[in-house]
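Engineer:
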Amino acid sequence: MSKLPWKTLLAGAAILAVTVFAYAQFSNGPMGRHGQMSQGGNMRQMHEQMMQGPGMQGSGGMHQGMNNGMQGGTGQHGEMHGQRSGLPAMPGQDASGTIQEVVAMLEADPATDWSKVNIAPLREHLIDMNEVTLRAAASERMLDNGIEIAVTGEGRTAAAIKRMVTAHVQVLASMGWNAKTEELTNGVKLTVTASDAVPLAKLKALGFMGIMVQGGHHQPHHLLMAKGEFMH
Ligand SMILES: [Cu+2]
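For what it's worth, my numbering labels the leading residue of the sequence shown as 977, then goes sequentially.
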């Protein structure tokens, strides 16, 4: 009479131990995943802080361009409202998203002087970028020692070409490239000559748009434009 209950008790204890063990495993499972999620969140925050650090907001260069490009992809807005709340991060329209990011940066900076901030010139510039990138016709002709590109368009496109391509020659010059523009009635003729800074094969490969993205200067300039501190 005393043996059976003892065995039953032992078996019961063993079942209880297994149940507790299993429960502990079950509890650790989700907690472990939660821990990893938190860690991932911290890593994203660190990444975000790195991307937004003062060092990243200095003068141009490809590194700057790359970092800003990354920021655009997983930017502050997407981080705050997109990934954490399950809403999409994409703003729906490039120029709108660019302005959204810049406005968020200005709002996050206590030093922002709202009496100087003006978003309208940035919008005009982004329209120029759109015209030049998507609507301009670029007729490229290889020279013995360079490339000659007739960049043309109508109306707003021609005006944007004249503003942007002409200004970009200054950027190319600062990089040691030999570039010049000549005004056409409906655009400009851009001529870039091969040099130590850029060999002929690379010029040929880059073509109009590859040349236009050299310098990665847009991101810092867009912020300065919005702050009212940069004029073309
Ligand atoms: Cu720009």
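A virtual CB, placed ideally from N, CA and C, is assigned to each residue, including glycine.
Ignoring anything shorter than 3 residues or poking outside the segment 1119–1181, list the beta strand (DSSP E) runs there in chain order.
Structural biologist: 1122–1128, 1154–1160, 1163–1169
Engineer: Which residues in the same chain have their Cβ closer than 6 angstroms to the Cβ of Asn1106, if we skip the five residues on either side of it in sequence?
Structural biologist: none
Engineer: Here's a check: name, in chain order, each residue in its chain whose Cβ is nearer than 8 angstroms to the Cβ of Gly1122, leaving out the five neighbours to either side.
Structural biologist: Asn1154, Thr1167, Val1168, Thr1169, Ala1170, Leu1176, Leu1179
Engineer: Using a Cβ-based criterion (distance less than 6 angstroms to any ligand heavy atom), does Met1105 qualify as near ligand 1?
Structural biologist: yes
Engineer: From the DSSP output, in three-state form, read off Gly1116 for me.
Structural biologist: Residue identity check: residue 1116 is Glu in the sequence provided, not Gly. Reduced to three states, the DSSP call for Glu1116 is strand.
Engineer: When DSSP labels each residue in this structure, what does Met951 get in the three-state scheme?
Structural biologist: Residue 951 lies beyond the residue range present for the chain, which begins at 977 and ends at 1208; the question has no answer from this structure.
Engineer: Exposed or buried, what is Thr1074 when buried is set at 16 or more other beta-carbons lying within 10 Å of its beta-carbon?
Structural biologist: buried
Engineer: Short of 6 angstroms in beta carbon distance, which residues of its chain neighbour His1197, apart from the five on each side in sequence? Order them along the chain.
Structural biologist: Phe1206
Engineer: Check Pro1086 in the structure and name its three-state DSSP category.
Structural biologist: coil
Engineer: Does DSSP put Asn1094 in a helix, a strand or coil?
Structural biologist: coil
Engineer: Tell me whether Gln1190 is buried or exposed, calling it buried when 16 or more other Cβ atoms sit within 10 Å of its Cβ.
Structural biologist: Buried, since its Cβ has 16 or more Cβ neighbours within 10 Å.
Engineer: Considering just the uninterrupted stretch of the alpha helix (DSSP H) at Leu1200, what are its terminal residues?
Structural biologist: 1194–1203
Engineer: Cβ-heavy atom distance between His1194 and ligand 1 below 6 angstroms?
Structural biologist: yes
Engineer: What is the DSSP secondary structure of Gln1190, reduced to helix, strand or coil?
Structural biologist: coil
Engineer: Should Gly1062 go down as buried or exposed, given a rule of 16 or more other Cβ atoms within 10 Å for buried?
Structural biologist: exposed
Engineer: Measuring alpha carbon to alpha carbon, tell me which of Ile1095, Ala1071, Asp1070, Leu1110 ends up nearest Leu1082.
Structural biologist: Ile1095
Engineer: Please classify Ala1173 as buried or exposed, where buried requires at least 16 other C-beta atoms within 10 Å of its C-beta.
Structural biologist: Residue environment: Ala1173 is assigned as exposed (fewer than 16 neighbouring CB atoms within 10 Å of its CB, all protein chains considered).
Engineer: Just checking, does the segment 1110–1128 make contact with the segment 1151–1165 on the three C-beta pairs under 8 angstroms criterion?
Structural biologist: Contact between the segment 1110–1128 and the segment 1151–1165 is present, because at least three Cβ pairs lie under 8 angstroms.
Engineer: Buried or exposed, going by whether 16 or more other CB atoms sit within 10 Å of the CB of Lys1203?
Structural biologist: buried
Engineer: Indicate whether Leu1102 and Ala1071 have their beta-carbon atoms separated by less than 7 angstroms.
Structural biologist: yes
Engineer: Could you tell me if Gly1192 is buried or exposed, where buried requires 16 or more neighbouring beta carbons within 10 angstroms of its beta carbon?
Structural biologist: buried
Engineer: Is the beta carbon of Ile1137 less than 7 angstroms from the beta carbon of Val1093?
Structural biologist: no
Engineer: In angstroms, rounded to a whole number, what distance separates the CA positions of Pro1064 and His1194?
Structural biologist: 25 angstroms
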